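In this text, residue positions in the sequence shown follow my numbering: the first is 3, and each later residue adds one. Note that CB positions come from ideal geometry on N, CA and C, so glycine has one too. Keep in mind the model is a prediction, meaning the values are calculated, not measured. Below is one structure; the comments refer to it alone.
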Amino acid sequence: MKQNDYDAIVIGAGPGGATIASLLANDGKRILLIDKNASAGGKMTTFHKDGHTYEMFPLNLIPYAPSLFEKLAEVTGKTDKVRNVAAEFKGDQVNILYHDRNDKVHLLDSGNLSSFKSLKMGLGDMMRSVLAVGKMLLMSDKGLKKLEKISALDYMNSLKIPEVTKIFITAAFGEGAFEMSSDMVPASHMIRAFRLSINKKKYPTPRYYQGGVGGFFMTMVETVVENGGSILWKTRVKSIDIKDGKAIGVTTEKGEKFTAPLIISNAGLRQTVFKLVGEKHFPKEYAKRIQGLHSNLADVGWRYFTSQKVLDFSTYVYFPYNCLEPWSVFEEMKDGKRKPLSNYIYIGTKSVYPTISPSDKQVIYAVMSCHPDPKQDLTPYLEYIETKLKLLFPKLFTDGVIERKEVMGLKEVSVLGVDAIFAGQGGESYGIANSIGQSDGDRPTCDLPIPGLYSVGNDTEGFGVGTHRACESGFLTYQKLTGNKII
Ligand SMILES: Cc1cc2nc3c(=O)[nH]c(=O)nc-3n(C[C@H](O)[C@H](O)[C@H](O)COP(=O)(O)OP(=O)(O)OC[C@H]3O[C@@H](n4cnc5c(N)ncnc54)[C@H](O)[C@@H]3O)c2cc1C
């Protein structure tokens, strides 16, 4: 084998690319892994600054452990090198801050029904909530299939349940889990995500890793080098090279050429088709379809670095009673026609876990969803979030608590992850939305219509919350390529 010739080239060491590169290398394949960043993790690359370990964006790792992350560590023989520090923090809980119509904020622990007493729900409302939840938990595959083209919002509106139950499930597992407005997320997916999140029997332990999510994938991609392959960091792929209709290699921005019979791109489906390969190599209908796919939402907000402990737990979600905004409202906010007034806010920190931050200091995220256009004015969102935080966590704003704060913007997203290709996109948290018409059987698959070319990561194959979806895409692509079933 010539020096620049490999069994497979993987472009991108995001969760999807790192997964497939590690799995193929683990089978003894000689892999070339190339990433424009200095380390693995993509949009979830981990940073180490002022003693903190943190990602640029807030992170909910759903499902809890053992997840596909642990499966990947097990398959590659790296379980001993991964430390789940969240599992060492006893009593973690997800706190709901529900802001009701009477302007009262209720602190509810999602795992403890007695905390819901403050809502003063009548027996009838309680029963309706319990029955609706039971129906979702017990729904058959046939029942779920019927809900593939019904939106999460329409389904929840049809249930006649109390407002707080509707808001919590729809916002957390429709909009939140899929980073997509709940009028576009299929109800079947919201229900599957809800089940995944509360299945404590199968997934009992919260997870976050020493060294962060990026650190986890850095450990996994060691498999590439251990098996005779190479990793090129800080190297941008300029093109995927096509000969006689087949993918045969890549050219980097520095002009280096590498060849392989298998090219797997983790650089996003749009960048892969329109920038790295070029539209002319694809069937017209395929390129048109990819161009027409809808993006999911982005997140905007603040990262606070504090001198003291402010949050007792890793996760708080503020839900005002009227927070279920359709896509059209996100568009109006982007165009400056409407200000954010009633959106849910995620407030969280990983600093409560051991090894993540210096004693008592915290990195706190406070973010809300927004349209993915990186060119919009972020000021109204930032003002909305800070107004609400002053109400919810006044301690944060007492003298000397905030050492530094940074805007969590949209432009950082494509810097760390995949390039923006079309106008109005680039800031999206995942990529191509998991929405009605582009999920289940309508979802783009990993095998592109060019022999030897595959796409892995958020845009193809997997299901669920971001990093998990990308990791699952890595497993499913591996299985399609090799016929070896792992999951
Ligand atoms: C604000 C925000 C909040 C999020 N919240 C959560 C959450 O709570 N939970 C969760 O699980 N997920 C969350 N995510 C989503 C998560 O980050 C993504 O799902 C995940 O990173 C996607 O993985 P991926 O493998 O598809 O690709 P990416 O992470 O996009 O990685 C792509 C990789 O390809 C590389 N690359 C791209 N182009 C080139 C090129 N031309 N040459 C070389 N390398 C290239 C990039 O450098 C990058 O490393 C969030 C994301 C954001 C932005």
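field: With 16 other Cβ atoms within 10 Å as the buried cut-off, status of I292
entry: Buried, since its Cβ has 16 or more Cβ neighbours within 10 Å.
query: Where in the stretch 182-236 do unbroken runs of the alpha helix (DSSP H), each at least 4 residues long, occur, reported from the N-terminal end onward?
result: Within the stretch 182-236, the runs of alpha helix (DSSP H) at least 4 residues long that lie entirely inside it are, in chain order, 189-200, 214-222 and 224-228.
query: What's the gap between the Cα of T469 and the Cα of Y432?
result: 9 Å
- prompt: In whole angstroms, what is the alpha-carbon distance linking R340 and V252?
  reply: 45 Å
- prompt: Any heavy atom of ligand 1 closer than 7 Å to the Cβ of T484?
  reply: no
Cα-Cα separation between I266 and I11, rounded to whole angstroms: 6 Å
Straight-line gap, Q5 to P382 (C-alpha atoms, nearest Å): 53 Å
message: For F260, tell me which candidate among D243, A27 and D82 has the shortest Cα-Cα distance.
response: Comparing Cα positions, the closest option is D243.
- prompt: Is DSSP giving M128 helix, strand or coil here?
  reply: Reduced to three states, the DSSP call for M128 is helix.
- prompt: How many whole angstroms separate the CB atoms of F321 and Y346, which I take to be in contact at a CB cut-off of 8 Å?
  reply: 5 Å
field: Distance CB(A300)-CB(H373) smaller than 8 Å
entry: yes
- request: Please find out if some non-hydrogen atom of ligand 2 comes closer than 7 Å to the beta-carbon of S131.
  value: With respect to ligand 2, the structure shown offers nothing to examine, as its ligands consist of ligand 1.
query: If we cut at 8 Å on Cβ distances, does E333 have a partner in chain D?
result: The structure shown contains no chain D, having only a single protein chain.
field: Contact set for D111: own chain, Cβ-Cβ below 7 Å, skip 5 residues either direction
entry: Within the same chain, D111 has close Cβ partners Q95, N97 and S117.
- prompt: To the nearest angstrom, how far is it from the Cα of K336 to the Cα of G411?
  reply: Taking the straight line from one Cα to the other gives about 14 Å.
message: Looking only at its chain, what residues have a beta carbon closer than 6 Å to the beta carbon of A88, apart from the 5 residues adjacent to it on each side?
response: P208, R209, Y210 and Y355
field: Cβ-Cβ separation, T254 to I36 (assumed contact under 8 Å), whole Å
entry: Their Cβ separation, rounded to whole angstroms, is 7 Å, which keeps I36 and T254 in contact under 8 Å.
- request: From the DSSP output, read off the bridge partner residues of E408.
  value: Bridge partners of E408: R305.
query: When the Cα of P60 is compared with those of K248, G350 and R32, which residue comes out closest?
result: G350
field: Within the stretch 315-386, ranges of the beta strand (DSSP E) (whole runs, at least 3 residues)
entry: 317-322, 347-351 and 364-372
- prompt: Is F424 buried or exposed, if buried means 16 or more other CB atoms sit within 10 Å of its CB?
  reply: Classification for F424: exposed.
task: Whole angstroms is fine: what's the gap from A435's alpha carbon to L295's?
output: 8 Å
- prompt: Would you call the stretch 190-209 and the stretch 444-451 in contact, with 3 or more CB pairs under 8 Å?
  reply: No: the two stretches stay apart, fewer than three of their Cβ pairs being nearer than 8 Å.
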